[in-house]
Amino acid sequence: QLQTEVEEAVQECRNAEEKAKKAITDAAMMA
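Quick note, the sequence shown lines up with residues 302 to 332 if you use the working numbering.
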């Protein structure tokens, strides 16, 4: 149970990181 929750949290963290990187890249291209 706990293992699954931790893995899900890590996955969400990675997704957020990817979105942030993409947003920064997009912003840099628009600048």
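Just so it is clear, CB atoms sit at the ideal spot from N, CA and C, and this is done for glycine as well.
Would you kindly report the start and end of the unbroken alpha helix (DSSP H) that includes residue i?
i, result
"residue 332", "Run containing residue 332: none; DSSP gives neither H nor E here."
Pick helix, strand or coil for residue i, following the three-state DSSP scheme.
i, result
"residue 304", "helix"
Could you pull out every residue in the same chain whose Cβ sits closer than 8 Å to the Cβ of residue i, ignoring the five residues on either side in sequence?
i, result
"residue 330", "none"
Counting only the same chain and skipping the five closest in sequence on each side, list residues whose C-beta sits under 7 Å from that of residue i.
i, result
"residue 326", "none"
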